[in-house]
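Q: Quick one: this structure, given as structure tokens, is what I'll be asking you about.
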């Protein structure tokens, strides 16, 4: 039997093998599944909606939301009979971000790139089937976006997600896809069909391009970077208007800047 510390070296969120499942406390897994439903501080959800999103029985969700509310992780809104992310969860997130000394340096590099590219430049961290935006910069002439710091991006439908899954080892990727096939099979199919090609392209050029995958109006390019702090890959990613930047222009003009940015961030992460 593998020792528990060895199994902990796998990417987080993957509990595919029998040994892992035996050691996992399911109620904790379910509690975090509930918290993941709240994509930002303004999202309000009732138990029925949470139950649908988590694929958990309503009675289980009711007990979990009650417990999380008592802990301060959720806030109950009696007038709406819904929940919102609570002060405890916000404080935990804020303390983690403030305690990251590399954040200011990374933001500076992202902003420098944003000054020369009319799009969104971000650093994202994997969280099960999504990627969470740790840092974000955007060009001053870019208006509006569905993404912001702390927002969650679907792994299967973004350049960043395809870059991340191409970077992690084969066993970890297979375990992730098995979990996806169990809960979101259509997304798993999208990733599985492109994983071999993505691995080849990542080895060849160091980045992944995805055109119109997240939105027909957005083309994306992304490169993974190993993080000693998180013991996994984070991803630098750039999203641009598909009308202005086709795939050829991404390769010719944006890729060199992305790779330079990734190298700078790699140095910051290794030194922090």
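Residue numbers (UniProt numbering): 1 to 272. Built from N, CA and C at the ideal position, the CB exists for glycine as well.
Apart from the five residues just before and just after residue 75, which ones in its own chain have a Cβ nearer than 8 Å to its Cβ?
A: As a working note, residue 75 is residue 75 in the chain shown. Closer than 8 Å at the Cβ level, and outside the excluded window around residue 75, lie 69, 83, 84, 85, 86 and 87.
Q: Taking DSSP as the reference, what is the three-state secondary structure of residue 206?
A: Position 206 of the chain shown holds residue 206. Coil at residue 206, not helix or strand.
Q: Quick one: measure Cβ to Cβ for residue 221 and residue 238, integer angstroms, because I've assumed they're closer than 8 Å.
A: Here residue 221 is taken as the residue at index 221 of the chain shown, counted from 1. Here residue 238 is taken as the residue at index 238 of the chain shown, counted from 1. Sure, about 5 Å apart at Cβ, within 8 Å.
Q: Would you decide whether residue 128 is buried or exposed? Buried here means 16 or more other CB atoms lie within 10 Å of its CB.
A: Here residue 128 refers to the residue found at position 128 of the chain shown. Buried, because 16 or more other Cβ atoms sit within 10 Å of the Cβ of residue 128.
Q: Which stretch, first to last residue, makes up the beta strand (DSSP E) that contains residue 223?
A: Residue mapping note: residue 223 aligns to position 223 of the chain shown, counting from 1. Start and end: 218-227.
Q: Rounded to whole angstroms, how far is the Cβ of residue 152 from the Cβ of residue 132, which I believe are closer than 8 Å?
A: Position 152 of the chain shown, counting from 1, holds the residue named residue 152. Position 132 of the chain shown, counting from 1, holds the residue named residue 132. Confirmed, Cβ separation roughly 6 Å.
Q: Determine the extent of the beta strand (DSSP E) in which residue 357 is found, giving its start and end residues.
A: This structure leaves residue 357 out entirely; the chain is present only between 1 and 272.
Q: CB residue 224 to CB residue 209, shorter than 7 Å?
A: Counting from 1 along the chain shown, the entry for residue 224 is found at position 224. Counting from 1 along the chain shown, the entry for residue 209 is found at position 209. No, they are not a contact pair.
Q: Find out if the Cβ-Cβ distance for the pair residue 121, residue 114 is shorter than 7 Å.
A: In the chain shown, counting from the first residue as 1, residue 121 sits at position 121. In the chain shown, counting from the first residue as 1, residue 114 sits at position 114. Yes; because the gap between Cβ atoms is below 7 Å, this pair is in contact.
Q: Could you check where the alpha helix (DSSP H) with residue 24 kicks off and where it finishes?
A: The count along the chain shown starts at 1 and reaches residue 24 at position 24. Run containing residue 24: none; DSSP gives neither H nor E here.
Q: Use the C-beta contact count for residue 78: other C-beta atoms within 10 angstroms, 16 or more gives buried, fewer gives exposed.
A: By one-based count along the chain shown, residue 78 stands at place 78. It is exposed - the Cβ of residue 78 has fewer than 16 other Cβ atoms within 10 Å.
Q: Assign residue 230 to one of three DSSP states: helix, strand, or coil.
A: Here residue 230 refers to the residue found at position 230 of the chain shown. The answer is coil: DSSP assigns residue 230 none of H, G, I, E or B.
Q: Just to confirm the assignment: which complete beta strand (DSSP E) runs, minimum length 3, are found wholly within the stretch 62-132?
A: Counting only runs of 3 or more, we get 74-77, 82-85 and 120-127.
Q: Label residue 25 either buried or exposed according to how many other C-beta atoms from any shown protein chain fall within 10 Å of its C-beta, with 16 as the threshold for buried.
A: Along the chain shown, read from residue 1 onward, the residue named residue 25 stands at position 25. Exposed, because fewer than 16 other Cβ atoms sit within 10 Å of the Cβ of residue 25.
Q: Can you tell me whether residue 92 is buried or exposed? The criterion is at least 16 other CB atoms within 10 Å of its CB, across all chains shown.
A: In the chain shown, residue 92 corresponds to position 92, counting from 1. Residue 92 should be labelled exposed.
Q: Which residue from 175, 65 and 124 puts its Cα closest to that of residue 262?
A: One-based indexing of the chain shown puts residue 262 at position 262. Here the closest residue by C-alpha is 124.
Q: Alpha carbon to alpha carbon, how far is residue 58 from residue 44?
A: For the purposes of this step, residue 58 is taken as the residue at position 58 of the chain shown. For the purposes of this step, residue 44 is taken as the residue at position 44 of the chain shown. Going from the Cα of residue 58 to the Cα of residue 44 covers about 17 Å.
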